[in-house]
Amino acid sequence: MERKTTRAALLGWTVLVVLFLWTPLAIIAVYAFNSSNIQVWPIPGWTLHWFRVAWRDPDVRSSLWLSVNVGLRATGISLLLGTMAAFAIHRFRFFGRESISFLLLLPIALPGIITGMALNSFYVFTGISFSIWTIVIGHATFCIVVVYNNVLARLRRTQTSLVEASMDLGADGWQTFRFVVWPVLSTALVAGGLLAFALSFDEVIVTTFTAGAQTTLPIFILDNLKQGQQLPIVNVVAFAVILLTIVPVAISVRLTRDTGVLRRGAATVTAAESVEITTV
Amino acid sequence: MRRIRRGHVLIALFTAALCVPAAGVGSGTATGSLPTKIGKGEGSLNLIEWPAYADKSFANKFVQQTGCKIHRKDAGSSNQMVALMRTGGGGGGGQYDLVSASGDASLRLILGGDVQPVNINLIPSWKKFVSVFKSPAHNTVKGVHYGVSVQWGPNTLIYNTKRVKPAPTSWAALYSSKYKGKITVPNNPIQIADAALYLMKSKPSLGITDPYELNKSQFDAAVSLLKQQKKLLKRYWNYAADEITSIANGDVTIGATWPYQTLALQAKHVPVKEIIPREGATGWADTWMLAKKAPHPNCAYLWMKYVTTPQVEAKQAIVFGETPVNPKACPFMNKIQAGSCAKYHLNQPLSYYNRIHFWKTPVPDCGNGKKDCMDYNAWQKAWAQITG
Amino acid sequence: MAVDARRAGSPLAGARHRLSSAFWRRPWLKAALLLTPPLAAFVLVYLAALVSLFVSSFWSVDAFTGKLIHQWTLQNFHDLLHSNGTYLRIAGRTIGIAAAVTITDAVLAFPLAYFMARLAGRRVRALLFVLVLLPLWSSYLVRIYAWQTILSHNGALNWSLNKIGLPDANLAYTNWAMWIVFSYVWLPFMIIPVFAAVERIPDSFIEASGDLGARGRRTFRSVVLPLALPGVVAGSIFTFSLTLGDFITPLLVGGNSSSFIGNVVEDFIGINGNIPFSAAFATVPVIVMAAYLLIARKLGAFEAL
């Protein structure tokens, strides 16, 4: 439909933007092998030294473990609460529905520093001491919204007649959920959950306000950026995380393409809406 | 879609009560009685420290001897240390035991009730300290010690020997347009004192005697000097590593720094040199302070006792790039690195220390009967306007 | 998927049926049960925190001890508006750069999203998806730090420019550097909603437009752009809000006049625990975003989320 030159131009633009996105990542990979701990260019030499140091460093392990821990908890909470909220908003009309769906957007629309500050002063006022749970709550605020949006988008694309048809065939609420609703939702939950985990894993601004003596991976990286004795370790860690997440992300992109009951019928629509919602 | 009755929704919605607690942040001013001896270690120690203040090269022995496993929280700035101590309701929030606070933070912690008095009789090395660090104004209030001095260092002038010629001798280099766009200074309100120090010598008519006690006209002069300096700066540095990168990458060729950065750059063969200019310098002196809600006070005391002994002071000084408060460390420093005792000015007479104006939090009390000096709030607000 | 007749007779199935019918007859009960936990969590924690933050902007702190003084005062707002216009300047700078970043990302993202949605084959599209999503997984901090060294005086950018005979770019520690870094970091957040919006445009619309005699550019202007606009606005919510609240990028790549609202907020909390003043300044991004959200809703962005 489009002219050949337009296609070529668009392809060229796409390639340039992808290069723009990936060049700094390539440079991070190069610096992971930097033999000096000061980041200059070009790098003076190549070494695997920092990989060894990072592997052995107990702080790297504990902060990595804490980030995974927090991510899993926040994702779990958000999967539950986000789905419930999406169902309620989608299925029922009630007074205040518009306002509530507006309110539920706030955690991602308002800058993270506000969420962080608000929660921080809230914890201080109520005397809650900082722990892994204060971090989890902070992350859950925006993770819930991510899952909520994903599930809601999927529900909007689902024909409601399916549920009624299932009831007509004699299934009760639970069976309808199990056999009709769940298969439609499951990939939306996988994509939403994965995205929520990604956001929690890399979150630093809210975490600086809601963490006590706990160090998540981003806080560990920030500390290292400040003191700089072992700077290449952060490049090693970032490089390793990219490598490790290629597979899960590829799987999730693949997964969200095969699904059943959609109005449009285009399988690629799922891929789009299931990764629509993002924030920090 | 099903219609829901409004009343039921309202009930569901307002089951959650919104209440803004009226209770303020807890204070707690009771000092309690000081311990008379150090008890058994609790097995754990949580520190808020400048990086390498509990470096494994000298801390491992402590862990072996006392069984107190050390958990470090590295801070990049004094403000961060204060903020960390104030989390969880203050007093370290029951999470932290010790904080290595510099003079621009220590008084804030004392008056904020976040630290508790320390019995210096339990720290044998204290008696040997250089006299100015035994009971300095920044950690001793009305004779009550709120911590133990540990190390100190000057705020120096660093310059790239290849790009800055001739070698500077005065702080004026940081205020002159000769190096426009290549200068950096720390992003810290206490920098106003550095400007005041320069004005002390360059504009004696202002009558500044103490760079931390400034009345309005002296303060305004310092602020206006800094506002002019801002146009000459490449950037303000926030963290030591930041400054190291900027200088190493050639974005900055001259600036205010700590010996920590100079050492790090020289170790990587970047051609830099640091000096204490002829006007003198401000300096920072760090104190290990005990959090009010410290969960492991015995381990904390054991640490304070350990880290002030001569050998450990020497090791820490060389690792970080600072000067011990215990002069007995001198021979140990020379053993690790020949000539280091003199290089770090440990063997200087008392007159030397009087040239260094150590950080302290500005208060309205000018000390000469007048009470119209600018307080830290004013410094902080002015600094935000300078850098904003 | 047929109902298991054998199981229908068991007592558990009976109880399930009764519960299910109870829900069918009283739909509000289901709604309440579904809605109360997330809402309670949300209201109790998040909204309460926001309200207490807002309330504290009318209080003050003791200059020295950092303790809160619970006395109603408008001093914080007064200081914000005066103080030689410093805070107004900072707010203006923050909003200005946020707007610039949003526009830049929209321009960068649109052709790519269009290509992905309409021109790319299935495999290429999946590959592009992965290529766009993966940067989100790499640490945001490390990416910013990489840019700091790329843009620095002896960094990769100047090195490359010098190699092809061009002079130094002198971008380090300037507001230009911040603009580049922000545009870079938030780009995936703009690409994804725009892609989703463009993809939803049915082919039949484009064909119909062609049938009616419109050429490529006209079709684009009159059909594609209006339909894709909600996606762009949805993406802009993220780029705008994320830039508005950021303080780390100014710290790492900013120069001598790069303070953002977030920096002031963070400084005042750290320096003196001056939460009231920070809270007062923090109302600026809240008001800006609230207004932005209302406009976005009018433009249909919420459906495109």
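Protein sequences appear in the order of chains U, F and S. If you want this note's numbering, it's the 1-based position in the first sequence plus 1. If you want this note's numbering, it's the 1-based position in the second sequence plus 10. If you want this note's numbering, it's the 1-based position in the third sequence plus 617. Note that the Cβ used here is the ideal one computed from N, Cα and C, for glycine as well. All values reported here derive from a predicted model rather than from experimental measurement.
Check	Outcome
At least one CB of chain S closer than 8 Å to the CB of U/Val164: is that the case?	no
Count the other C-beta atoms from every protein chain shown that fall within 10 angstroms of the C-beta of U/Ala111, then say buried if there are 16 or more, exposed otherwise.	The sequence given here has Leu at residue 111 of chain U, not Ala. Result: buried.
Please classify U/Pro45 as buried or exposed, where buried requires at least 16 other C-beta atoms within 10 Å of its C-beta.	exposed
May I ask you to list the residues that DSSP assigns as paired with S/Trp803?	Answer is none; S/Trp803 lacks a bridge partner.
How many Å lie between S/Trp796 and S/Gly917 at the Cα?	27 Å
Which value, in whole angstroms, describes the spacing of the CA atoms of F/Glu59 and F/Ala301?	13 Å
Can you name, in chain order, every residue of its own chain whose Cβ lies under 8 Å from the Cβ of S/Val870, other than the five neighbours on each side?	Ile761, Trp764, Gln765, Leu768, Ala789, Tyr790, Ala794, Met795, Val798
If we count the other Cβ atoms within 10 Å of its Cβ and call it buried at 16 or more, is F/Lys66 buried or exposed?	exposed
Per DSSP, what are the beta-bridge partners of U/Trp47 in this structure?	U/Asn35
May I ask which residues mark the beginning and end of the beta strand (DSSP E) holding F/Arg245?	243 to 247
What residues in its chain sit with their C-beta under 7 Å from that of F/Val125, if we drop five residues either side in the sequence?	Leu119, Tyr156, Gly157, Met299, Leu300, Ala301, Lys302
For F/Leu167, which residues in the same chain have their Cβ closer than 6 Å to its Cβ, ignoring the five residues on either side in sequence?	Ile285, Pro287
So, helix, strand or coil for F/Gln126, using DSSP?	strand
Distance cutoff 8 Å, beta carbons only. Does U/Ile39 sit that close to anything in chain F?	yes
Measuring only between beta-carbons, confirm whether U/Thr142 sits less than 8 Å from chain S.	yes
DSSP three-state call for F/Trp162: helix, strand or coil?	strand
Using a 10 Å radius around the Cβ and a threshold of 16 neighbouring Cβ atoms, would you call U/Gly72 buried or exposed?	buried
Whole angstroms is fine: what's the gap from F/Ala388's alpha carbon to F/Ala93's?	19 Å
Looking at the secondary structure, which residues open and close the beta strand (DSSP E) in which F/Ile264 lies?	264 to 267
Quick one: which chain F residues come within Cβ less than 8 Å of U/Ala214?	Asn56, His81, Lys83, Gln105, Tyr106
Would you mind reading off the limits of the alpha helix (DSSP H) that contains U/Thr76?	59 to 92
From the beta carbon of S/Ser895, is the nearest beta carbon of chain U less than 8 Å away?	yes
With DSSP run on the structure shown, which of helix, strand or coil describes F/Pro281?	coil
Taking the C-alpha atoms as reference points, what is the distance between S/Leu670 and S/Leu705?	21 Å
Mind checking U/Gly13: buried by the 16 CB within 10 Å criterion, or exposed?	exposed
Between S/Leu685 and S/Val678, which are expected to be in contact by the criterion C-beta below 8 Å, what is the C-beta distance as a whole number of angstroms?	6 Å
Name the one or two DSSP bridge partners that S/Arg710 has.	Its beta-bridge partners do not exist; DSSP assigns none.
Name the chain F residues whose beta carbon is nearer than 8 Å to that of U/Glu232?	Per the sequence shown, the amino acid found at residue 232 of chain U is Leu instead of Glu. Ordered by position in chain F, the residues that pass the 8 Å Cβ test against U/Leu232 are Ala251.
With 7 Å as the limit, tell me which residues of the stretch 110 to 138 of chain U have their beta carbon closer than that to any beta carbon of chain F; keep them in chain order.	Val125, Phe126, Thr127, Gly128, Ser130, Phe131
Report yes or no: is there a C-beta of chain U within less than 8 Å of the C-beta of F/Asn225?	no
Going by alpha carbons, who is nearest to F/Lys380 out of F/Glu223, F/Ile328, F/Gln105?	F/Glu223
Three Cβ pairs or more, each shorter than 8 Å: is that satisfied between the stretch 66 to 81 of chain U and the stretch 142 to 151 of chain U?	yes
So U/Val152 and U/Ala189 are in contact, right, with Cβ under 8 Å, and what is the actual spacing, rounded?	5 Å
Which same chain residues end up closer than 7 Å to U/Phe240 when comparing Cβ atoms and leaving out the 5 residues on each side of it in sequence?	Ile29, Ala30, Ala33
Is there a Cβ from chain F that is less than 8 Å from the Cβ of U/Asp58?	no
Below 8 Å between beta carbons: does that hold for U/Ile101 and U/Leu120?	no
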